[in-house]
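Encoded as structure tokens, the structure appears first; notes follow it.
There are 2 protein chains.
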Amino acid sequence: MASNSIKILEENGLSKTEVRKKVLNLFIDSACALSLSDIEAAFSKIDRITLYRTLKTFENKGIIHKAVDGTNHPKYAICEASCSEHKHEDDHAHFHCLSCGKTVCFEHVPNPAIPELLNGYVVEEATLILSGTCKECLVQKKSRISITETLE
Amino acid sequence: MASNSIKILEENGLSKTEVRKKVLNLFIDSACALSLSDIEAAFSKIDRITLYRTLKTFENKGIIHKAVDGTNHPKYAICEASCSEHKHEDDHAHFHCLSCGKTVCFEHVPNPAIPELLNGYVVEEATLILSGTCKECLVQKKSRISITETLE
DNA sequence: GAGTTTTTTGCAACAGTATTGCATTATAAA
DNA sequence: TTTATAATGCAATACTGTTGCAAAAAACTC
Ligand SMILES: [Mn+2]
Ligand SMILES: [Mn+2]
Ligand SMILES: [Zn+2]
Ligand SMILES: [Zn+2]
Chain A
67 MASNSIKILE ENGLSKTEVR KKVLNLFIDS ACALSLSDIE AAFSKIDRIT
117 LYRTLKTFEN KGIIHKAVDG TNHPKYAICE ASCSEHKHED DHAHFHCLSC
167 GKTVCFEHVP NPAIPELLNG YVVEEATLIL SGTCKECLVQ KKSRISITET
217 LE
Chain B
67 MASNSIKILE ENGLSKTEVR KKVLNLFIDS ACALSLSDIE AAFSKIDRIT
117 LYRTLKTFEN KGIIHKAVDG TNHPKYAICE ASCSEHKHED DHAHFHCLSC
167 GKTVCFEHVP NPAIPELLNG YVVEEATLIL SGTCKECLVQ KKSRISITET
217 LE
């Protein structure tokens, strides 16, 4: 559905350029959060600098949000419908797979509630990162084990 | 106490070089987590590459641990006594000040407990990042407000 | 649809971050 | 003190992220 991305761009008052449509569709179709390199690899023709600016534009508009995953490389994922310009509502945990490196949104796991004042510090935000082995990698591990067992 | 760092190096079977003593003392004396640039700025003579390798060595030995703070720049802080080679015990939250950029360990705030299996994913670790305004920045803000009020 | 205005894009240049190989130097062991 | 071992600093390289500017594309006006 190419019209999906066009609708989002229109709703946010953004001009419907090829780059924006392509990048936004990639986010819509992607099951996991994407780094700049991921997007760059998907569209070899698009300039890196344009991608940086596109991501910033989308983030400001509440179309995508940053997913902090403990790596030093920011990842981005499509926002929930309730997000808008300068007011993100994506207050959920992110899962980072140590096996394949993929990061996914855990919309059903809210970030923990923390007292506003803690040890004399004003806490404005709490971010939860989960890491371990993702569904897909688990399946691969299991089938590898069963192969090993068969060979023995 | 310069002997403090020497003792730690000896206990971990590391040769007592000038770089290691200096960097380790900096960590011991520092109230907050340090980035590579912070350390580089403290000792202009020491080569960046040596610092990268020193940090990696210390981390592997359980002398320092990485403090994930949501920025894209890893920070490091001295470990709790219980940490050892390849077995870190620093399971606490980190606070990142949005005003001054400093990151501190919150040893008294444990990372949240999360079920090992969540949504079909195996969770091995949970990391909590808190962000807001630190003690020191709060004091500055308050005094700035009182000055403004006096001028009115 | 053609022409005009405005915005977006891609390139150049640059600063910062991170890694590896290797010769030199410092430390530890003999 | 001499020898063996390990750490350091430099060169080279790759990757990440930012800004200014001219060309191209999109939006707007008629
Ligand atoms: Mn998310
Ligand atoms: Mn810590
Ligand atoms: Zn995985
Ligand atoms: Zn602060």
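As they're listed, the protein sequences go chains A and B.
With this note's numbering applied, the first sequence corresponds to residues 67 to 218, in that order.
With this note's numbering applied, the second sequence corresponds to residues 67 to 218, in that order.
Ideal placement from N, C-alpha and C gives every residue a C-beta, glycine not left out.
What you are looking at is a predicted structure, and each value in this text was computed from that prediction instead of being measured.
- Within chain B, the residues Thr137, Asn138, His139 and Pro140 have their CB atoms less than 9 Å from the CB of A/Asn138, given in chain order.
- Here DSSP, grouped into helix, strand and coil, assigns A/Lys82 to coil.
- For B/Pro181, not one C-beta of chain A is nearer than 7 Å to its own C-beta.
- Counting only the Cα atoms, A/Ser150 lies some 32 Å from A/Leu164.
- A/Asp156 has its Cβ nearer than 6 Å to a heavy atom of ligand 1.
- By alpha-carbon distance to B/Ser148, the top candidate from B/His162, B/Lys127, B/Lys207 and B/Asp113 is B/Lys127.
- With fewer than 16 neighbouring CB atoms inside 10 Å of its own CB, B/His174 falls in the exposed class.
- Listed along chain A is no residue with a C-beta nearer than 7 Å to that of B/Ala143; the closest approach is about 16 Å.
- Taking the C-beta atoms as reference points, B/Asn70 is found nearer than 7 Å to B/Ile94.
- Between A/Asp135 and A/Thr169, the C-beta gap is smaller than 7 Å, which places the two residues in contact.
- Proximity to A/Cys166 across A/Lys73, A/Tyr142, A/Thr120 and A/Leu204 peaks at A/Leu204, based on C-alpha coordinates.
- B/Cys145 is positioned such that its CB atom lies no closer than 7 Å to that of B/His162.
- For B/Ser103, no beta strand (DSSP E) run applies; the uninterrupted alpha helix (DSSP H) run containing it begins and ends at Leu102 to Ala108, by DSSP.
- A straight-line Cα-Cα distance of about 23 Å links B/Val89 and B/Asp157.
- If you check the C-beta of A/Ala143 against ligand 1, you find a heavy atom less than 6 Å away.
- One residue list follows from the rule of a beta carbon closer than 6 Å to any heavy atom of ligand 4, given in chain order as B/Cys163, B/Ser165, B/Cys166, B/Lys168, B/Cys200, B/Glu202 and B/Cys203.
- Linking B/Asn91 to B/His160 through their CA atoms gives a straight-line distance of about 21 Å.
- Contact with chain A is found for B/Val189, since one of that chain's Cβ atoms lies less than 7 Å from the residue's Cβ.
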